[in-house]
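Just below is one structure, and these are the notes that go with it.
There are 2 protein chains.
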Amino acid sequence: MVNETQHTCSASSSSKSDGGSSSGSESSKDSSRCSTPVLDADRHERLREKMRRRQDSGDKWFSLEFFPPRTANAAVNLISRFDRMGAGGPLFIDVTWHPAGDPGSDKETSSMIIANTAVNYCGLETILHMTCCNQTKDDITGHLQKAKRLGLKNIMALRGDPVGEEWEEEVDGFNYAVDLVKHIRNEFDDYFDICVAGYPKGHPDAESYEADLRHLKEKVFAGADFIITQLFFRSETFLKFMKDCQAIGITCPIIPGIFPIQGYHSLRQLVKLSKLEVPQEIKDVIEPIKDNDAAIRNYGVELAVSMCRELLDSGMVHGLHFYTLNREVATTEVLKRLGIWKEDPRRPLPWAVSAHPKRRVEDVRPIFWASRPKSYIYRTQEWDDFPNGRWGNSSSPAFGELKDYYLFYLKSKSPREELLKMWGEELTGEESVFEVFTCYITGEPNKNGHKVTCMPWNDDPLATETNLLKEQLEKVNRRGILTINSQPNINGKPSTDPIVGWGPSGGYVFQKAYLEFFTSSEIVTALLKVLKKYELRVNYHIVNVKGQNITNAPDLQPNAVTWGIFPGREIIQPTVVDPVSFLSWKDEAFALWIEQWAKLYEEESPSRMIIQYIHDNYYLVNLVDNDFPLENCLWQVVDDTFELLN
Amino acid sequence: MVNETQHTCSASSSSKSDGGSSSGSESSKDSSRCSTPVLDADRHERLREKMRRRQDSGDKWFSLEFFPPRTANAAVNLISRFDRMGAGGPLFIDVTWHPAGDPGSDKETSSMIIANTAVNYCGLETILHMTCCNQTKDDITGHLQKAKRLGLKNIMALRGDPVGEEWEEEVDGFNYAVDLVKHIRNEFDDYFDICVAGYPKGHPDAESYEADLRHLKEKVFAGADFIITQLFFRSETFLKFMKDCQAIGITCPIIPGIFPIQGYHSLRQLVKLSKLEVPQEIKDVIEPIKDNDAAIRNYGVELAVSMCRELLDSGMVHGLHFYTLNREVATTEVLKRLGIWKEDPRRPLPWAVSAHPKRRVEDVRPIFWASRPKSYIYRTQEWDDFPNGRWGNSSSPAFGELKDYYLFYLKSKSPREELLKMWGEELTGEESVFEVFTCYITGEPNKNGHKVTCMPWNDDPLATETNLLKEQLEKVNRRGILTINSQPNINGKPSTDPIVGWGPSGGYVFQKAYLEFFTSSEIVTALLKVLKKYELRVNYHIVNVKGQNITNAPDLQPNAVTWGIFPGREIIQPTVVDPVSFLSWKDEAFALWIEQWAKLYEEESPSRMIIQYIHDNYYLVNLVDNDFPLENCLWQVVDDTFELLN
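Residue numbers (full-length UniProt numbering), protein chains in the order written: chain S, 1 to 646; chain U, 1 to 646.
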């Protein structure tokens, strides 16, 4: 009878017996399980394990290759692209390494920093390329140490292009990718997953196709976990290569590199670099339409789709690697037509999970940074303890210092002229500021006909969830309650709810109503009188830029405002209103008035002085309605406040 | 305007500024706040702080003195008394020290073990008395170390009675209580709160009343935190003493010792020991009724109530200390008439919180021990990490070994004859066992006319909450689903609900439905077929005594089955179904069949063989219905199982 179920396992009948326990962990209490409930196995897996699991489940996947951009502006755009293309569900992305571009530096555009951003701020599993020829052991070790420190877990080990025409091996130097693979395994043991390059037509510098296969086998036997191939033009090329690899004993995953042709010139350039030959039948199609970009791209998409289908249909291919050339349209189109672009509206947590290995257990964040997740990740990057740690004293260095936080990817995506059009070329008083906030909420154009699609506290249009509160928000912003964050109360909606759901299916999610705004001291005075009536129901924190802080919160305890109950799990409470971190957020929230808005205007201009006045005199307020099963009372609090003022 | 509220505080305006932070803890992230939400400040306070807080708030309190019992049976009864009298809300209890009774030993009846039980198993703040004369420094240090190790935090430092009539001071020995106070402070710094004795009439051995006051002052200045007085018969005696103490500079709390006269003989004995004189007016009343116990007790209660009223009305007394003589009725009566006996049906958590300082942060327990909390505390006493720790591998020594667990206070309170009447002098088959379970549920007498008020898994009558499920429970027990633990689902009832509520007011409590039972392998086979239909909704663990374990639980994660949402707090989830600890519980649950039930019968008797058969062949099953907002489906699961069997 016991054998009827899949989940049978045998446990020791005595609590002291040695053998046969059903538990996976064999040791004593020291290795007691983490207290953080595991919501998605994914978070705890290495890339090679994810790959293996997807292969076993027959679930096809894709990955995306990008190169580091040349300018800071291009970097900001590339990161937006990471966010958008990340939504399609790539198993990983990779970032190439250009020795000439100072790839290991701290520059905004270096390979290292772009990969760091992808992992830490975009939450993407990322492979950093690294080349080794013409570099010292110390340089390479330094790069690898830095990568590890930044939370990168995967390296694509490459030789790189030697300098000059005539190249000679250095004795004891890094002459081939295999040397780098060995070095990584020697110095970093099993920390990194290592990827190496395969050449379906053989490397152009190799003595022969067979010799190149033997080199590949050496790289794998030296410790590489999987192979990504150079691009190719016919599926047979890859399938033959794969069989040849298997024939000589290469058993690790081999991922075909797919290059959707996107334009005549990029194709020519790539062919030149890779020393590949474009098949005649492709040339025949392209040459006549070489000046028609759209036509070439359509053809490229067709070609890629049909080649990918052949690969997938062969049963030998489980994942496809795309050379995107940092472009979005062609690759996305191919993926959608193949049916492997999977936008999953379901979130594992109500905020984007970072892919840094240190943060994989993170399961709670203050609500304040809801619209500025990259800023939160940046400011907490030195934390060691995420699941159980709480926010220390606001005067402690636990939060990254504010002065550092103007990283390029925390800046607005919009240029100054755009911002001026949205937020006003010239402000005439506090009311013109109220109007900007109101237009942002309503989506209506301002009096100059421009839509307000971002604010200093929120670089994106209003969240779908906030739309639920639109009407009330509009009303209060018009009257000088300048809202920057809010959520409605929710009393047990299914975790699969398209707007407010998160976490595994079969669960229920809950929220306490939350409202955060800037407002004048006059309104705060009235608000405080009104709040006396709501003393037991509403928790408030009210603070000005000087740090005068008024609150009825008990001690310094966080208030959970989002939580979820799931089958067979402990309770998850991913969002809290934390009184200590609020004081750090306050610094950031007030600074944004000056840094992002006031500085758009000339010094001593009336517009600048209006923003400066608000910065100096307004209060930042947050309100929580603890009684989540009842109708949200925060609007009543605000109405009562306005009534008292009238 | 900021000054209008009480909660104003000033915070630093920069996250790096040194001064003026609103946070209480000044240091960095290292001292980050505990992740356990503080539900009751009480749990984290020392006794002297609790005393101070109650004095400041004007909230009168009482405490209770007990002496160690002479026999193990009497100890079991005393511990039940602790549980009952603990319900009235004493600020602390104290346990006296009798040098002749091996008070520091591990005997069931020693002062040390009785105090240990009060703290750890009854959750009572406890003072352990300790005397010092005729003892070596090493003995005393040993006792104190042991007390500390057991979680005792308060010592009443006494001289004790010297041996023999003629007593001489030992040089460098412990001659007076003050020597013990100094020793505790020298060796244990500020770890213990120290209480010393005061004599409102002067100590009988002192040269004079004034000299005795000076001795008392020495004890306080040596480090005592508060004073409890010897008994007295008139409130004026105490009030004069208190004024005299204050006059010479004693400022610590002085707590009057109240002795409700409970009988003629006990009064005579006490008077003889304490060398006190009973006032003539009391003698005049008592002598004529000396053979009428009830009359004397009534008079004693009257006398105590009026004296306590005078003391409390004086405004100088904030707490009253009662010499209970290990009796319950008189003291409880006095306290109730004074209005300071406060049975608070509201629980801080759904289980009784231990008073051990190490366990004060404990906030989650497996549901399995719900009816055996003392056993759970005993078996986890070596744990270091309560709030975030989880249960390690069941084969680890994290749980106290089963073989040790037959502590006297884990045994049934009922004698063997009682148990036989309830559970059957002679069993005729499995059905007669079903009948015992059914009678326990219904409260109806068994066929021999005896009510079944306890079971091996539950030493008390059915919990009020379980009554909610009575009808269904009766039905299933009759058919051989032998339930030992259950709870209904609850979808957000107020935390003040008299039956299922717990925690501070203004909150909401939730539960997932839970059912745990023993049943035959035939029923398990059918049940498993039925459970396939409920695969996504119901989590199950099914295990037999040999440890064959069948489950659909994901990994080894605990499933939260009780949680609460409170204003301004993080989520509290005090009860979980933990797959790992279930295997330790299984050992205990199966052992109870043999140890408590089978062993009532002769070896090889049919009755014993029936219980042995059940022990060897039945399964222990637990079921959780994850869909708490819907109607509990577990009864449907059981019904479907019976239907399948028919």
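Every residue gets a Cβ at the ideal spot worked out from N, C-alpha and C, and that includes glycine.
All figures in this text were calculated on a predicted structure; none of them were measured in a lab.
In this structure, DSSP gives S/Met422 a helical state, which the three-state scheme calls helix.
Contact residues of the region 559-573 of chain S toward chain U are Asn559, Ala560, Trp563, Ile565, Phe566, Pro567, Gly568, Arg569, Glu570, Ile571, Gln573 (C-beta to C-beta distance below 8 Å). S/Ser486 has S/Leu515 as its beta-bridge partners, per DSSP. In terms of Cα proximity to S/Gly104, the closest of S/Thr131, S/Arg84, S/Asn632 is S/Thr131. Look at the region 191-223 of chain S and you find these whole runs of beta strand (DSSP E), each 3 residues long or longer: 193-198.
At the C-beta level, S/Ile254 and S/Ile282 stay beyond 8 Å of one another.
For the region 473-504 of chain S, the set of positions with a beta-carbon nearer than 8 Å to some beta-carbon of chain U reads Asn491, Gly492 in chain order.
Looking at the DSSP output, U/Thr453 shares a beta bridge with no other residue. Scanning chain U for C-beta atoms nearer than 7 Å to the C-beta of S/Gly506 yields Leu536, Asn626, reported in chain order. Only residues of its own chain outside the window of five on either side were considered, and among them Lys374, Ile377 have a CB closer than 6 Å to the CB of S/Tyr121, listed in chain order. For S/Asn544, the enclosing beta strand (DSSP E) has its first and last residue at 538-544. U/Glu362 carries a coil assignment under DSSP once its states are collapsed to helix, strand and coil.
Contact of U/Asn617 with chain S is not assigned, every C-beta pair being separated by 8 Å or more.
Taking the beta carbon of U/Val576 as reference, the chain S residues within 7 Å of it are Glu570, listed in sequence order. Here S/Trp61 is bridged, per DSSP, to S/Gly319. Close to chain S, meaning a Cβ-Cβ distance shorter than 8 Å, is no residue of the region 349-370 of chain U at all. Beta bridge pairing from DSSP links S/Met156 with S/His129, S/Cys195.
In this structure, S/Val305 is the residue among S/Tyr323, S/Pro357, S/Val305 with its C-alpha nearest to the C-alpha of S/Gly339.
Within the model, the alpha-carbon separation for S/Trp351 versus S/Met316 is close to 36 Å. Bounds of any beta strand (DSSP E) do not take in S/Gln135, whose DSSP letter is neither H nor E. In this chain, the alpha helix (DSSP H) harbouring U/Asp640 covers 634-645. Taking 8 Å as the cut-off, the beta carbon of U/Leu531 is found closer than this to the beta carbon of U/Val637. Bounds of the alpha helix (DSSP H) holding U/Gln246 are 235-247. Cβ contact annotation for S/Tyr619 (same chain, cutoff 8 Å, sequence separation greater than five): Phe518, Thr519, Ser520, Ser521, Val524, Ile542, Val543, Asn544, in chain order. Look at the beta carbons and you see the region 56-63 of chain U not touching the region 192-206 of chain U: under three pairs across the two are nearer than 8 Å. For S/Trp593, the secondary structure class from DSSP, reduced to helix, strand or coil, is helix. With fewer than 16 other beta carbons inside 10 angstroms of its own, U/Lys447 counts as exposed.
Taking a 10 Å sphere around the C-beta of S/Gly568, we find 16 or more other C-beta atoms and assign the residue as buried.
U/Trp563 has U/Phe510 as its beta-bridge partners, per DSSP. With fewer than 16 neighbouring CB atoms inside 10 Å of its own CB, U/Lys272 falls in the exposed class. If you ignore the 5 residues before and after U/Tyr534, its C-beta comes within less than 7 Å of the C-beta of Cys633, Val637, all in its own chain and listed in chain order. Closer than 8 Å to the CB of S/Gln557 there is at least one CB belonging to chain U.
Excluding its 5 nearest sequence neighbours in each direction, S/Ala206 has C-beta neighbours in its own chain below 8 Å: Tyr199, Asp212, His215, listed in chain order.
For S/Thr251 against S/Phe241, the beta-carbon gap comes to about 15 Å, at or over 8 Å, which does not count as contact. Per the coordinates, the alpha-carbon of S/Val196 lies some 58 Å from the alpha-carbon of S/Ser432. Beta-bridge annotation (DSSP): U/Tyr619 is paired with U/Thr519, U/Asn544.
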